[in-house]
Amino acid sequence: MIVLALMSAFMITLGVFGCGAKIIWNPLRVEDWIAGFMIILVALMMIGLGMLLSLAVKTVRSATNLSVVIGLMLAFMAGIWFPKWWLPKWMQILADIFPGAWAIDVARSILVYEAELAEVAGRVLEVLVAATAIYLLGVLAYRKILRRYAEA
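Note that our numbering has the sequence shown beginning at 9, numbered continuously upward.
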């Protein structure tokens, strides 16, 4: 998490001072803190997904390859690199059911379009529930597999 925070700070600094990006962020607005919270939830969700995926691979090398492929695909579908409306319709449908895309939409709505808390509250709750569920599934599945190996 510390590395994530440092890299985020670096990228924001580079964007603002290197590229002239205008980022609307006011520490006195609750909504602006929610945007950062969404990023943390996505990180926890991806950790849980990583734990689930680690159960399907046999070697570190295959885990690395699988995580790169899935990570790139999910980042693309979440609208991180390109707006979702640029995607083909079938990919837009997949993106709309991916909780990471919901979190990015919330952060974008707050930071770019200055959305109010009432506008994003429902989606924030959905992201919180999805992130918690995926993370807990990852932890539970991982524990079960570790117990199986310990007993063998």
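Glycine residues also receive a C-beta, built at the ideal position from the N, C-alpha and C atoms.
Exercise for review: Note down the Cα distance separating I31 from V38, rounded to an integer number of angstroms.
Suggested key: The residue labelled residue 31 in the question sits at position 23 within the sequence shown. The residue labelled residue 38 in the question sits at position 30 within the sequence shown. If you take the alpha carbons of I31 and V38, they lie about 16 Å apart.
Review point. Going along the chain, which residues of its own chain have a beta-carbon closer than 8 Å to the beta-carbon of A51, five neighbours each way excluded?
Key: Within the sequence shown, the letter at position 43 stands for residue 51. Correct list, in chain order: M9 and L12.
Practice item. Under the assumption that G108 contacts L74 (Cβ atoms under 8 Å), give the Cβ distance between them as a whole number of angstroms. Key: Looking up residue 108 in the sequence shown gives position 100. Looking up residue 74 in the sequence shown gives position 66. About 17 Å; that fails the 8 Å criterion.
Exercise for review: Specify the secondary structure class of I32 as computed by DSSP and reduced to three states.
Suggested key: For the purposes of this step, residue 32 is taken as residue 24 along the sequence shown, with counting starting at 1. In this structure, I32 counts as coil in the three-state DSSP scheme.
Point to revise | Nearest residue (CA-CA) to I42, options E124, R156 and L95 | key: Translated into positions along the sequence shown, residue 42 becomes position 34. When each option's Cα is compared against that of I42, the closest is E124.
**Study point:** Residue burial classification, A115 (beta-carbon count within 10 angstroms, cutoff 16)
**Key:** Counting from one through the sequence shown, the residue named residue 115 turns up at place 107. When all chains shown are included, A115 counts as buried.
Check your understanding: Hey, how far is the Cα of L95 from the Cα of I142?
Key -> As a working mapping, residue 95 is identified with position 87 in the sequence shown. As a working mapping, residue 142 is identified with position 134 in the sequence shown. If I take the Cα positions, the gap works out to 25 Å.
Practice item. Kindly list the residues whose CB is nearer than 6 Å to the CB of Y4, restricted to its own chain and excluding five residues on each side of it in sequence; keep chain order. Key: No answer is possible for residue 4: it lies beyond the span of the chain, which begins at 9 and ends at 160.
Practice item. Check the Cβ-Cβ distances between M15 and every residue of chain B, and say whether any is below 9 Å. Key: Among the chains in the structure shown there is no chain B, since it carries only a single protein chain.
Exercise for review: Would you mind working out which of R155, L61, A138 and Y121 sits nearest I48, comparing C-alpha positions?
Suggested key: By one-based count along the sequence shown, residue 48 stands at place 40. Considering only alpha carbons, the answer is A138.
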